Amino acid sequence: MFRLFAYAKNYKRQVILGPIFKFLEAVFELILPLYMAKLVDQGISKGNLGMIWQTTFEMILISIVGLVFALICQYYASVASQGLGTELRNVLMKRINQFSFKDLNHFGTETLITRLTNDVTQIQWALAMLIRLVSRAPFLSIGAVIMAFIIDWQIGLIFLALLPIFCLLLYFIMTRSFPLYQKVQAQLDRLNQSVAQNLSGVRVIRAFARSKDETKQFDQVTDDLSAAYLKVTHLSALLSPGTTLVMNLGVIGIFMLGGFKVNIGQLQAGQVLALVNYMNQMLLALIIVSNLVVLYTRAHASAKRINEVLAVEIAQPNKCEALPETRKDQALFQLVDVDFRYGNDYGLALKAINAQIFPGQTIGITGATGSGKSTLVQLFPHFYPVSDGKLLYNSRNVEDLDLAALKKRCAIVLQSAVLFSGSIRENLQWGKAEATDDECWQALRIAQAEDFVRELPQGLDTPIFEGGKNFSGGQRQRLTIARALIRQAEVLILDDSLSALDYQTDLKLRQALRELSCTTIIVSQRLRSIQEADQIWVMDNGQLIANGTHQQLLKHSAIYQEIYASQQEEEALA
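Its first residue numbered 1, the sequence shown is counted upward by one per residue in the UniProt record's numbering.
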């Protein structure tokens, strides 16, 4: 956990000075009981009004100075902890943005959100408490023991005897609560996942009348989280009353032994009162320590989860030369015995794929749901590395090429039409940051989105709500296609990105795409969207089982014939 505090390096002054001011506050706090003893023994008991006023004034002054020191420390703690949180979130977000698709799949969106928010907040609290209390609490505890020995060494032994008892109590709670906090964090991830799933799929849930089932499942998740919280809370709750019990036994011992010493003249009443105050100070300090243990146990679990993200090895950009120039007489992409799996625990998603794509070709890819179409096209921009075999770009293995430059040569529109909050113009400029209005309108024209955008009162400045919810599915798809087109990339990949378009719009879009000089790869289950492609690949269970033109596949591919016949029947019924 303390390794993460290194991200507060820009706040060294606050981290160093904060505990110093807190230490000074603790010094003044330890002095106060001595003045209280002086007030009782030399002022009140002797009726010395001057001594009473003088001592009272000195105590008020000491309290004010201590308060000022405490406020300065609080300010430094706030600045440093908030700065740490900001820096840590920026580092985490930068690291997550460098993750491969495989890394993102491994963690999952919901747990990454939890680590960026809740876990970082726990680390912030840990640093704030380190500055504010970690130096103060031990000093008060040890200082109270020393002051007790100065006043009376025999009563000081009572103070000394209580410390190991408290340490044993602390060790017992700490060793048992840490694994429980890890379980709480895991349950919190489950809750976030359940919330995200229910909110994103609320329409599907209602369409299938599954609201009660999903509510029941969500209740189970919240019950599990509540049970995990209760278990760790019940254990942590033993710490404060246990500390209070130990300290109250100490107070009883002080009164018994101190009262006896007052009677025989070895102590004065004010000194006994000071000893009780020191015991209370030690009690409060140890309660703070007990709360810090709970906090740091939770923070340690969070730090472990954050370090898991930071420990992910990011593939370093290779130092190869620029990508080779594309030649029309050689394959742009060539797949040679390509296998792919999403992880060692998963089976093969793609098996022994052999195929070629030449510059300027239009390739259609079809097949049943789960046949590997999307997985295949995500290999071309190197979203995933192949597991076995080779993927060649202009006869060079992509693993030996500048992968960042390769990604720039590919523009892909994924199945989910993702738009970002902002204006239409800002979303299009994701594809090309310096795109002019003319370039934006040209991309919209090819994507068949120009008409409806021009009808909007604000045109390109029309705001897009979160996820593009103020546009229909077909409009979102066309806007994402326009965003890809504006890049003017060498390769355009449409991963089932025409599914929400009506027949007329689909036809116009395909006609417009044929006018482009780029290589186009279209994934679609609707054969009408790809039947004019130069080559059509038929996928089944992760294998490329047939390829050819539409007419060739109608003659030689049984699966293609079956898909075509079923779609013809659907269109006839419609």
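Even for Gly, the Cβ is constructed at its ideal location relative to N, Cα and C. Model, not experiment: these values are computed from the prediction.
Is H234 buried or exposed, if buried means 16 or more other CB atoms sit within 10 Å of its CB? To locate residue 234, count along the sequence shown from 1; it is residue 234. H234 is exposed by the Cβ-count criterion.
Return the first residue and the last residue of the alpha helix (DSSP H) that N291 is part of. Within the sequence shown, numbered from 1, the residue matching residue 291 stands at position 291. Counting along the chain, the alpha helix (DSSP H) containing N291 begins and ends at A269 to L310.
Ignoring anything shorter than 3 residues, give me the beta strand (DSSP E) runs that lie fully in the region 364-433, in order along the chain. 388-393 and 410-413
So does the region 521-540 actually touch the region 352-364, counting three or more Cβ pairs closer than 8 angstroms? yes
As assigned by DSSP and simplified to three states, the class of I521: Translated into the one-based positions of the sequence shown, residue 521 becomes position 521. Note: I521 maps to strand in three-state DSSP.
Pair every Cβ in the region 495-507 with every Cβ in the region 423-437, then say whether three or more of these pairs are closer than 8 angstroms. no
Quick check on DSSP: helix, strand or coil for I314? What you label residue 314 is simply residue 314 of the sequence shown in a count that begins at 1. DSSP places I314 in coil when its eight states are reduced to three.
Could you pull the start and end residues of the alpha helix (DSSP H) that D339 belongs to? Mapped onto the sequence shown, residue 339 falls at position 339. D339 -> not in any alpha helix (DSSP H); beta strand (DSSP E) instead, spanning F333 to F340.
Can you tell me whether A161 is buried or exposed? The criterion is at least 16 other CB atoms within 10 Å of its CB, across all chains shown. On the sequence shown, position 161 is the one that residue 161 refers to. Classification of A161: exposed, given that the 10 Å Cβ count is below 16.
Would DSSP call T362 helix, strand or coil? Counted from its first residue, the sequence shown places residue 362 at position 362. Note: T362 maps to strand in three-state DSSP.
For F333, count neighbouring C-beta atoms within 10 Å of its own C-beta (all shown protein chains included) and say buried if the count is 16 or more, exposed if not. Residue 333 sits at position 333 when you count from the first residue of the sequence shown. Label assigned to F333: buried.
Would DSSP call L104 helix, strand or coil? In the sequence shown, the residue the question calls residue 104 occupies position 104. L104: helix per DSSP, three-state reduction.
Are the CB atoms of I521 and I530 within a distance shorter than 7 angstroms? Mapped onto the sequence shown, residue 530 falls at position 530. Mapped onto the sequence shown, residue 521 falls at position 521. For I530 and I521, no; Cβs fall outside 7 angstroms.
Just the Cα atoms here: how many angstroms apart are D103 and M282? To locate residue 103, count along the sequence shown from 1; it is residue 103. To locate residue 282, count along the sequence shown from 1; it is residue 282. Their Cα atoms are separated by approximately 49 angstroms.
Alpha carbon to alpha carbon, how far is P19 from F340? Give it in angstroms, no decimals. Start at 1 with the first residue of the sequence shown, and residue 340 comes out as number 340. Start at 1 with the first residue of the sequence shown, and residue 19 comes out as number 19. Cα to Cα, F340 sits roughly 55 angstroms from P19.
Given F172, which residues of its chain have a CB within under 8 angstroms of its CB, disregarding the five upstream and five downstream residues? For the purposes of this step, residue 172 is identified with residue 172 of the sequence shown, where counting begins at 1. Counting only Cβ-Cβ distances below 8 angstroms, and skipping sequence neighbours, we find nothing.
Quick check: does the Cβ of D506 come within less than 6 angstroms of any heavy atom belonging to the ligand FMN? Of ligands this structure carries none, so the ligand FMN is not represented either.
Nearest by alpha-carbon distance to D495: which of G265, N280, Q378 and V15 is it? Here residue 495 corresponds to residue number 495 of the sequence shown, with the count starting at 1. The shortest C-alpha separation from D495 is found at Q378.
In three-state DSSP terms, what is N10? Start at 1 with the first residue of the sequence shown, and residue 10 comes out as number 10. Reduced to three states, the DSSP call for N10 is helix.
Counting only runs that start and end within the region 81-159, where is the beta strand (DSSP E) found for 3 or more residues in a row? none
Following the continuous beta strand (DSSP E) through V491, name the residue where it begins and the one where it ends. Sequence index remark: in the sequence shown, residue 491 carries index 491 (1-based). Taken as a continuous stretch (DSSP letters only), the beta strand (DSSP E) holding V491 covers V491 to D495.
DSSP three-state call for I563: helix, strand or coil? Residue 563 sits at position 563 when you count from the first residue of the sequence shown. If DSSP states are grouped into helix, strand and coil, I563 belongs with the helices.
From the DSSP output, in three-state form, read off L456 for me. Your numbering for residue 456 matches position 456 in the sequence shown. The answer is coil: DSSP assigns L456 none of H, G, I, E or B.
Buried versus exposed, by CB contacts within 10 Å (16 or more), R132: Looking up residue 132 in the sequence shown gives position 132. So R132 ends up on the buried side.
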